[in-house]
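This report refers to the structure that appears directly beneath it.
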Amino acid sequence: MKQVPALKIDGITIAQSLAIIEYLEETRPTPRLLPQDPKKRAQVRMISDVITSGIQPLQNLSVLKQVGQENQLTWAQKAIRSGFNALEQVLWSTAGKYCVGDEVSMADLCLVPQVANAERFKVDLTPYPTISRINKTLMALEAFQVSHPCRQPDTPPELRA
Amino acid sequence: YPVFPQPILYSYFRSSCSWRVRIALALKSIDYETIPINLIKDGGQQFSEEFQALNPMKQVPALKIDGITIAQSLAIIEYLEETRPTPRLLPQDPKKRAQVRMISDVITSGIQPLQNLSVLKQVGQENQLTWAQKAIRSGFNGESFPLQTHPTLFQVSMADLCLVPQVANAERFKVDLTPYPTISRINKTLMALEAFQVSHPCRQPDTPPELRA
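Chains A and B, in that order, are what the protein sequence lines are.
Just so you know, UniProt numbering puts 128 at position 128 of the first sequence, and the rest follows in order with no gaps.
Just so you know, UniProt numbering puts 134 at position 134 of the second sequence, and the rest follows in order with no gaps.
This is how it looks when you write it as structure tokens:
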């Protein structure tokens, strides 16, 4: 697919972030990234898919290249706002401390990077208080900090934390 | 255990995402009721307040089952798999499961969202065909790689449920399938199976008469 991420692990290479994450969950099951209850698992996957199928693909680099530079910001903002409008509503019935209840799940792993994208594209987050609250709570956790774009081996010096 | 009424699927006959779920329900012999949501009529019935309350994403499919409503086709299919586990739609081996999910995601995140109705509306009518063809070709080009290097999936899986509706989309957008012999072969094999036929867009309660099988 000529895309990142790809994970080379246990003798295989897996692409597609959620396929990777579900494999990690099945082979390294603790701590859990998916709840035990099938209905809550469905909620986690639904929220994850809203982001990974409904928002991000519409504002990724290759699509933005196609819409042309002068349209990029508007296009990306529209994709994100449209998705966040729906997501905010979904979260009203699923969220506790995090996207689904009070345990960090795969949905939260999708949310934080998408909020960062929203900020990069100057989307005003005021209409999405639940998304903002959950994002803030998650960003206090170490895993979300060490993995941040500003702390990677390839982070340019001017963006490094 | 509480007894719930028959599952209800909110579906549009032509929606490839809805078709994926219809195949899963057919393969698992799950009886259900269809409530058609016409994505074009009345400005799009998915935008009605009633439907929005059910599914804030304002998209099909949505499945009302066991007292909950699930949206997003793969989330629905994985729920069906976990609660009605036979026949399997995901292999037992985690590495094979990863392959199935990877191929599914290539289609559901990499191809279909770029050629769905709401995106095509945005690119404008004169650009729609080219845009859709590009999205599908680009995805099928990348798709061929996992399919050719992982020939070990001998059971119908969630990946196949995603493939067939996407090939139908390709045909609708007049994408030449000659460069994708593996995709074509698998599609043909699957279309011979009953579950893929009964769930076909031409056989739904909301199929228009002129498109009915």
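Cβ atoms here follow ideal geometry from the backbone N, Cα and C, with glycine treated the same way.
Cβ distance (whole Å) where residue i is taken to contact residue j below 8 Å
i, j, result
"Tyr98(A)", "Thr137(A)", "7 Å"
"Val123(A)", "Gln77(A)", "5 Å"
"Ala98(B)", "Ala19(A)", "5 Å"
"Pro113(B)", "Leu58(A)", "6 Å"
"Ala79(A)", "Ile55(A)", "6 Å"
"Ile131(A)", "Glu88(A)", "6 Å"
Residue i (DSSP reduced to helix, strand or coil)
i, result
"Ser147(A)", "coil"
"Phe58(B)", "In the sequence on display, residue 58(B) carries Lys and not Phe. The answer is coil: DSSP assigns Lys58(B) none of H, G, I, E or B."
"Leu63(B)", "strand"
"Pro151(B)", "Here the model assigns Pro151(B) a pLDDT of 48, short of 50, so the residue's position is not dependable, and the following value carries that caveat. Correct three-state label for Pro151(B): coil."
"Ile80(A)", "helix"
"Glu210(B)", "helix"
"Gly101(A)", "strand"
"Ile47(A)", "helix"
"Thr108(B)", "helix"
"Ile20(A)", "helix"
"Thr69(B)", "strand"
"Ala95(A)", "strand"
"Arg160(A)", "coil"
"Gly44(B)", "coil"
"Leu109(A)", "helix"
Boundaries of the alpha helix (DSSP H) in which residue i is found, first to last residue
i, result
"Glu126(B)", "Neither: Glu126(B) is in no alpha helix (DSSP H) and is coded neither H nor E."
"Thr182(B)", "Pro181 to Met191"
"Tyr79(B)", "Ser73 to Thr83"
"Leu27(B)", "Ser16 to Leu27"
"Lys65(A)", "Leu61 to Val67"
"Asn135(A)", "Pro129 to Met139"
"Phe121(A)", "It is not in any alpha helix (DSSP H) - Phe121(A) carries neither H nor E in the DSSP assignment."
"Glu194(B)", "Glu194 to Val198"
Boundaries of the beta strand (DSSP E) in which residue i is found, first to last residue
i, result
"Glu33(B)", "Glu33 to Pro36"
"Arg168(B)", "It should be pointed out that residue 168(B) corresponds to Ala in this sequence rather than to Arg. Element bounds for Ala168(B): not the beta strand (DSSP E) but the alpha helix (DSSP H), Met158 to Arg172."
"Phe10(B)", "This sequence places Tyr at residue 10(B); Phe is not what is there. Tyr10(B) -> beta strand (DSSP E) spans Ile8 to Ser11."
"Ala13(A)", "Looking at the sequence itself, residue 13(A) is Thr, so the reference to Ala does not match. Segment Ile12 to Ala15, the beta strand (DSSP E) holding Thr13(A)."
"Leu7(A)", "Ala6 to Ile9"
Would you call the segment 125-141 of chain B and the segment 70-84 of chain B in contact, with 3 or more CB pairs under 8 Å? Taking 8 Å as the limit for Cβ pairs, the verdict is that the segment 70-84 of chain B does not touch the segment 125-141 of chain B.
For the segment 31-39 of chain A against the segment 89-107 of chain B, do three or more pairs of beta-carbon atoms, one drawn from each stretch, fall closer than 8 Å, so that the two count as touching? Not touching, per the Cβ criterion.
Decide if the segment 137-153 of chain A is in contact with the segment 86-106 of chain A; the criterion is three or more beta carbon pairs, one per stretch, under 8 Å apart. Touching, yes.
Across the segment 183-196 of chain B and the segment 43-50 of chain B, are there enough close Cβ pairs to call them in contact, namely three or more that are closer than 8 Å? The answer is no - the segment 43-50 of chain B does not touch the segment 183-196 of chain B, with fewer than three Cβ pairs under 8 Å.
On the three-pair Cβ rule with 8 Å, is the segment 162-173 of chain B touching the segment 105-112 of chain B? The segment 105-112 of chain B and the segment 162-173 of chain B touch, with three or more beta-carbon pairs separated by less than 8 Å.
Contact between the segment 55-63 of chain B and the segment 11-28 of chain B is defined here as three or more beta-carbon pairs at a separation below 8 Å; is this criterion met? Yes, the segment 55-63 of chain B is in contact with the segment 11-28 of chain B.
If contact is defined by three or more beta carbon pairs under 8 Å, each pair taking one atom from either stretch, is the segment 120-128 of chain B in contact with the segment 67-82 of chain B? Using a C-beta cut-off of 8 Å, the segment 67-82 of chain B makes no contact with the segment 120-128 of chain B, since fewer than three inter-stretch Cβ pairs fall below that distance.
Of the residues that make up the segment 11-38 of chain A, which ones have a beta carbon closer than 7 Å to any beta carbon in chain B? Listed in chain order, the positions of the segment 11-38 of chain A with a beta carbon within less than 7 Å of a beta carbon of chain B are Ile12, Ile14, Ala15, Gln16, Leu18, Ala19, Glu22, Tyr23, Glu26, Thr27 and Pro38.
Chain A contacts from the segment 86-102 of chain B (Cβ-Cβ distance under 9 Å): For the segment 86-102 of chain B, the residues whose beta carbon sits under 9 Å from a beta carbon of chain A are, in order, Pro94, Lys95, Arg97, Ala98, Gln99, Val100, Arg101 and Met102.
Residues of the segment 47-72 of chain A whose Cβ lies closer than 7 Å to any Cβ of chain B, in chain order: Within the segment 47-72 of chain A, the residues whose Cβ lies closer than 7 Å to some Cβ of chain B are Asp49, Val50, Thr52, Ser53, Gly54, Pro57, Leu58 and Val63, listed in chain order.
Give the residues from the segment 19-49 of chain B that approach chain A closer than 7 Å (Cβ to any Cβ), ordered along the chain. Against chain A - using a Cβ distance shorter than 7 Å - the segment 19-49 of chain B contributes no residues.
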